[in-house]
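Line by line, the protein sequences give chains A, B, C, D, E and F. Positions 1 to 292 (the working numbering) are the ones given, in order, by the first sequence. Positions 1001 to 1292 (the working numbering) are the ones given, in order, by the second sequence. Positions 2001 to 2292 (the working numbering) are the ones given, in order, by the third sequence. Positions 3001 to 3292 (the working numbering) are the ones given, in order, by the fourth sequence. Positions 4001 to 4292 (the working numbering) are the ones given, in order, by the fifth sequence. Positions 5001 to 5292 (the working numbering) are the ones given, in order, by the sixth sequence. No residue lacks a Cβ here, since even glycine has one placed at the ideal position from N, Cα and C.
6 protein chains.
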Amino acid sequence: MAGKIVQKAYSDIKNLKIQGATNIAIAALEALKSAKDRRQLSEIVLLLSSARPTEPLMRNGLRYVAFNVHQHYDFKNSLGFWADKYIQMCKSALERIAEIGSKRIVNNSKIMTHCHSTAVTSVLKKAKDKYKEFEVYVCEARPLFQGRITAKELASHGIKTNYIVDSAKGTYINDMDLVLVGADALTAEGNVVNKIGTSELAYIAKEADVEFGVASELLKFDPVTEQGYLEPIEEREPKEVWERPPKRVKVRNPAFDVTKADLIDFVVTEEGVLSPHNILSMTHDKYPWMKR
Amino acid sequence: MAGKIVQKAYSDIKNLKIQGATNIAIAALEALKSAKDRRQLSEIVLLLSSARPTEPLMRNGLRYVAFNVHQHYDFKNSLGFWADKYIQMCKSALERIAEIGSKRIVNNSKIMTHCHSTAVTSVLKKAKDKYKEFEVYVCEARPLFQGRITAKELASHGIKTNYIVDSAKGTYINDMDLVLVGADALTAEGNVVNKIGTSELAYIAKEADVEFGVASELLKFDPVTEQGYLEPIEEREPKEVWERPPKRVKVRNPAFDVTKADLIDFVVTEEGVLSPHNILSMTHDKYPWMKR
Amino acid sequence: MAGKIVQKAYSDIKNLKIQGATNIAIAALEALKSAKDRRQLSEIVLLLSSARPTEPLMRNGLRYVAFNVHQHYDFKNSLGFWADKYIQMCKSALERIAEIGSKRIVNNSKIMTHCHSTAVTSVLKKAKDKYKEFEVYVCEARPLFQGRITAKELASHGIKTNYIVDSAKGTYINDMDLVLVGADALTAEGNVVNKIGTSELAYIAKEADVEFGVASELLKFDPVTEQGYLEPIEEREPKEVWERPPKRVKVRNPAFDVTKADLIDFVVTEEGVLSPHNILSMTHDKYPWMKR
Amino acid sequence: MAGKIVQKAYSDIKNLKIQGATNIAIAALEALKSAKDRRQLSEIVLLLSSARPTEPLMRNGLRYVAFNVHQHYDFKNSLGFWADKYIQMCKSALERIAEIGSKRIVNNSKIMTHCHSTAVTSVLKKAKDKYKEFEVYVCEARPLFQGRITAKELASHGIKTNYIVDSAKGTYINDMDLVLVGADALTAEGNVVNKIGTSELAYIAKEADVEFGVASELLKFDPVTEQGYLEPIEEREPKEVWERPPKRVKVRNPAFDVTKADLIDFVVTEEGVLSPHNILSMTHDKYPWMKR
Amino acid sequence: MAGKIVQKAYSDIKNLKIQGATNIAIAALEALKSAKDRRQLSEIVLLLSSARPTEPLMRNGLRYVAFNVHQHYDFKNSLGFWADKYIQMCKSALERIAEIGSKRIVNNSKIMTHCHSTAVTSVLKKAKDKYKEFEVYVCEARPLFQGRITAKELASHGIKTNYIVDSAKGTYINDMDLVLVGADALTAEGNVVNKIGTSELAYIAKEADVEFGVASELLKFDPVTEQGYLEPIEEREPKEVWERPPKRVKVRNPAFDVTKADLIDFVVTEEGVLSPHNILSMTHDKYPWMKR
Amino acid sequence: MAGKIVQKAYSDIKNLKIQGATNIAIAALEALKSAKDRRQLSEIVLLLSSARPTEPLMRNGLRYVAFNVHQHYDFKNSLGFWADKYIQMCKSALERIAEIGSKRIVNNSKIMTHCHSTAVTSVLKKAKDKYKEFEVYVCEARPLFQGRITAKELASHGIKTNYIVDSAKGTYINDMDLVLVGADALTAEGNVVNKIGTSELAYIAKEADVEFGVASELLKFDPVTEQGYLEPIEEREPKEVWERPPKRVKVRNPAFDVTKADLIDFVVTEEGVLSPHNILSMTHDKYPWMKR
């Protein structure tokens, strides 16, 4: 049976006490370290993997550690070693993305983003640190207003920040030079799963011929999509959208949507700038352990 | 000087105490009836016309009454007569639109709408009254959530109603058979000015090859657009969007956007179904008084 | 009660013994002449109007005669007069279309058409009579292969004619200079109802940036579409498509589809070349009797 | 036989000594005044009409004068009267377009234009006269570099002017708020014939979702297009493009191209702002004499 | 000289007695086994390769066996071994595709397919075996009506099946959730060669924003396309289309068309789900013997 | 300090005395051979790399030689060896492209090209050498008219050649079967940097559904784009465009533009035909030394 540490990690992830793909991956791997033996390791991997449906960064981490540990004699030491190594991989991936992506931010440009993505804010803050001048438009991302986190973070870093409702992106898109969003998952055919509203933004950017980029770790590639599985789209509770809707009104609340590869101009990853159509082959090349 | 009745109408319209194009037009014309003489009539027309920037239905009413009264000897009687006549025109226009539009609602179809429009809800309720079965998806229309008014009104009329955040329209659009929205103003080249988010919806409907219709009185045609004036887009107070935004975050809050004619498949008007490219010539034909 | 002449016309139209919009209109009007009095006239109009769902040319003829006869004292003479007049209008409309349309056929060009349309073959034959050199590609128009009638008619008129399956239009479209099709009905928003496959052809022509024209009498405008009615699309018997389909295979056989106005570059009518968005206003202008 | 005045006008127009649609129309009408009698009038109309293929403004003027003179008893006086009246119509049409179009120029906007059009430069100069601030990008319009005339005219009027090669329009289009071009002829289906390169610009503006407007007199509508005639596209001498091309290189030099109605958002005319799909019905309404 | 077995295989393939890429490949390899020595092997490979122009699965098989056999001392044994191995590869590729593709079939969805493809029917039947509920629309695929084979096969497997003429795909496409077709050949730039009508279907699916997938073995990649050769498109006999066409009517009968990579959302292969742009690199990776 | 040879190469490249990517690469490598020791080698690499901003073929050559020489003991011999080897790689890459690309030229087809590219003219001349019949349309490529070099070269090779102004490409594009252009640089996401006007041509080809191919050495891939750097676009002197522009007219003269990967159907490289989305992975595979 999984111990208290694991149970807490599981429920904290499930109940959104821990948010952000990297934080979730770290929490899961820290909990995984508590495994006593190989059998328990497998149980914990199974349990934590099921905490939230759209968390490939975490699931890849659990898979990575399990894969590597199973090849070592010394269970306990190797467990810590590989868990820490994956955590380190996550962190340095973000740093690489910030460094590479910051070069794509052109002086005196305008950039639109949606919701909150650590990869995106890292890119923008790094560009600001290099004394680039630019302006950002942030969509609020109803129902949970994560755009406010982004707006706050950017403005407090000295970046010129505008905040708009999600419906206003069409009004401002023609003034933009770049749209940059994050990702929750990358798929085998090069699609990007991200906060609901992203695919709309991609269509509108295409319509206005504005460059559309994604900043995401290749570690968010979900290898099961290669086997035909569709990335599950979580539908969350109605009350997030409308506290007390009238009778007979059905509130629908999908949390993510899928942006097709052919709407995406480039992806900034820890391995450099790519076409979305290159995600699969680059992942095969760099992370062969992902595919069993 | 304008009397108390006029002052109250002016401030109620300005401060959104009175909402909805028809209600505003009625309030303005009722106030206009208080004019004592022709000079005062002109003053009141001028004052009320300026109460809100995007209200052609009211402005056309003021114009209509002034035009007709100036051709009569008996000022007082003709004032009442023409004001009432315009109010009646507004009401019967809505009824005609409901009747005509209801025929476009196909059994077992799915329809998406945005924000709140009396013309749209009239169409849908009339279709329901004819025992048609259909399902409606309502976008909430941040920042003021007028989609909630629509959802409530439709559901209480027995219509199967779904409610979604504005960003989710891309997720559901492929299941729709029709998008139907209202209008705040119609322009000379056939564009439609409506609640922010409408033009995005039109782009997405085009992308998914879903029919996009507008239900609107021709009386909302703004004749000054024929003279080259652009319909003004009101930018409202930031606090509607974010009560207390962090320092250095600039909140932008445009209330409307412009949907181009070539994204609109048809317009349901009091004079029948039209192409948006026919709005101008039909208005010339039916309402010659609009153009001086 | 309707007499034998009317009964025969009704059943011949219903059972496709009479085909082609003009032939059907003539047959109906000839039968209408047998009406003995005004009451019978109304009954016959009602009966014949219902013979087939998508025949506005005939229905407009019945409407035209009824409207005019009701304004005359001499029932019998005026009935013959107006019936003949409408028949003449149909014939001269076709001649005008042939004359005008033939000017749009450019020397050494390639033209694609679909199914069989008298308006289209008249245009092409008239152009050939003027010694223009061009080549035609005819789609066969499954299930009833009316493309064979077209191919035969054109080839026997000395026009260079190619014949292809409906699926091959995408292969040849890039070599075309023009697509020209007929119409069964025209709608208030400028859409064209025509043999199934037409809307596909229009999409593909748009994709390849090939001009897409329609040759049709304005007399095929269906005035009820202005009142919101959707032009009904006849679904015909499965056995036309597959004589003996296997059990549990459901054969669907819609006879027409709707091509949206914005896929149509021009319409050749008896009143000249138009944008499809002009159909409604031109009809109002030229045929005021269509609208009650 | 046509006298010397007419001969000179004919050859000056033919040899491009007189340029610009308005100048050409004026020259033709001034020459027309020399007609001695009705027979000569007809001869001169015929001769001058053939001077250049794409000059509907002139041809409409000749048609207008002939039509009106033929209804008067006093030949000589009426000839002068109607010729002057048409010249006046041309001039005031340009003024109206400048006034109306200037309202479409938004403060702090960027506008691209192509070649030289008096209607366009009138609009821009009028807007400048109203103290609007904006910036213009002018395409040079090879082979004859008429863009230089435009650039010079605008810059000397104090307008911020940029000059680019025709191939650079794709590089700058995303920064534009409006494209505004003139017209040599307007057609029945709403297409615009203008200097070669215009249709490319329209495609690129559509691709980038930039508003595309045309400034043109309705008097440039060519009524024969309604009868099916295609507006002829003059192919001019190779040496304009390449003085001494190598052997076996064929230089092609079409002077105009056709921009389809559905790429045009609006047309500024002497009768106000229109959809291109409204050109035909507006012309019928305002200039009934154009159509015989 | 090739023996009787080979001659029979050659003529059976050429005359369509054997149909379906896998059956053809098997027949060719079984015949190949009859080779007496290395010289004869080369002759047979040459002969069979030429039996039909668009059969890369067979040609890759011949190439595979020849390549491997030439590296072995024991000719006869190795010939049988590698021929059987390739046949096995074909079979297990189909099984893998069925397994992976079946996961892409969503419950309660509607899927359109064209013509007959074993890969597609395997996917759909496997999905049905997993108790998924869905409905299929099959286009008949004139001239040879292979859609009937598909319809029969699916219906007899208990799948809800609809059958339509090829021209009706535009009518039903907006109701679809997925289009899934097979392939005759895959090219270096990611295009798919398949039964005529496929590229039209892809355009229409794009227009309606419906997902477009291909189910195909990577073994159908044609390596000569990498060297610049265009996949040949067989044009078959006119009488397949029209038994006795009238004089002077030219019947054109191309059997395949090319669907461009950017119209294809994903490809289900034996190596998993891919972007079409990944076909080349995945083939290099998995089948290095294809490229000399 | 760099010697005279290097100084001359540097200034000849900078001042356009040497033109064409291959000529520039050869000149730079020949100069590089004069390096006396490893320190000087580094200095020369640095100097020559900065001669012009958009020359990845040269910069890759310098990088290639430096990389390889640093691994050898014998500096002088290895310097000559690797420099010559790279020069040879450039030459044989062009030959491979000519051979492969010539197979894509279809008999009786029409091909449009822009500016001058040795890769493109090699392809076309090789196709002609194989007795293929085709016709080429060359855009002049203002401001420097390099299209004239292309036209001359093709015509003197016996190829049917047409020459047009850059604005006329929209007029002829619908008659084309293929557009083929060269490249100055290839980027990580698959974009192509080429002479200004190329991206417009790509948009227009897409609009007209005409195949758009690029002929370019993979050696022109710029590896720094993988690290996020944007390929710099040289803006050249105004006087190239307009010798003496009027006061206050600002002449803009960017030399290149960027064509997005999704507008490109295929790339002909020394390693075969590719999707542009494959450029990155193919380069990794074939030229691992490009990436440090």
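Could you give the distance in angstroms between the alpha-carbon of residue i and the alpha-carbon of residue j?
i: Ala4215 (chain E); j: Gly228 (chain A); result: 12 Å
i: Ile5 (chain A); j: Lys33 (chain A); result: 10 Å
i: Val251 (chain A); j: Arg236 (chain A); result: 10 Å
i: Glu1270 (chain B); j: Leu1218 (chain B); result: 7 Å
i: Val2181 (chain C); j: Thr2283 (chain C); result: 20 Å
i: Leu1144 (chain B); j: Leu1201 (chain B); result: 18 Å
i: Val5210 (chain F); j: His5116 (chain F); result: 20 Å
i: Ile1024 (chain B); j: Lys1152 (chain B); result: 22 Å
i: Gln4071 (chain E); j: Lys4206 (chain E); result: 47 Å
i: Asp5074 (chain F); j: Asn5068 (chain F); result: 11 Å
i: Arg5096 (chain F); j: Ser4281 (chain E); result: 20 Å
In terms of residues, what are the limits of the alpha helix (DSSP H) holding residue i?
i: Val4065 (chain E); result: 4056-4069
i: Thr4022 (chain E); result: 4021-4032
i: Ile3149 (chain D); result: 3146-3156
i: Leu2280 (chain C); result: 2279-2286
i: Gly5101 (chain F); result: 5075-5102
i: Gly4170 (chain E); result: 4169-4172
i: Leu5047 (chain F); result: 5038-5049
Can you confirm whether residue i, when its beta carbon is compared against all beta carbons of chain H, has any partner nearer than 8 Å?
i: Ala4208 (chain E); result: Protein chains in the displayed structure are A, B, C, D, E and F, and chain H is not among them.
What first and last residue would you give for the beta strand (DSSP E) that runs through residue i?
i: Lys4110 (chain E); result: 4109-4114
i: Asn1194 (chain B); result: 1192-1195
i: Ala5215 (chain F); result: 5211-5215
i: Thr1269 (chain B); result: 1266-1269
Could you tell me which residues DSSP puts in a beta bridge with residue i?
i: Thr4259 (chain E); result: E:Val4192
i: Cys1139 (chain B); result: B:His1114, B:Ile1164
i: Glu4243 (chain E); result: Paired residue(s): none; Glu4243 (chain E) is not in a bridge.
I think residue i touches residue j, with their Cβ atoms under 8 Å apart; what is that distance to the nearest whole Å?
i: Lys2260 (chain C); j: Asn2194 (chain C); result: Contact doesn't hold; Cβ gap of about 12 Å is too wide.
i: Tyr10 (chain A); j: Ala51 (chain A); result: 5 Å
i: Ile5196 (chain F); j: Tyr3203 (chain D); result: Contact doesn't hold; Cβ gap of about 17 Å is too wide.
i: Phe5212 (chain F); j: Ile5264 (chain F); result: 6 Å
i: Val3045 (chain D); j: Leu3062 (chain D); result: 4 Å
Exercise. So, do the stretch 5025-5035 of chain F and the stretch 5083-5101 of chain F have three or more beta carbon pairs nearer to each other than 8 Å?
Worked result: yes
For this session: Could you say if the stretch 3163-3180 of chain D and the stretch 5235-5252 of chain F meet the contact criterion of at least three C-beta pairs nearer than 8 Å?
Result: Output reads yes: the stretch 5235-5252 of chain F touches the stretch 3163-3180 of chain D.
Exercise. Taking one C-beta from the stretch 3071-3085 of chain D and one from the stretch 3101-3112 of chain D each time, how about it: are there three or more such pairs within less than 8 Å?
Worked result: Look at the beta carbons and you see the stretch 3071-3085 of chain D not touching the stretch 3101-3112 of chain D: under three pairs across the two are nearer than 8 Å.
For this session: Determine contact between the stretch 1152-1160 of chain B and the stretch 1224-1241 of chain B, defined as no fewer than three beta-carbon pairs at a distance below 8 Å.
Result: no
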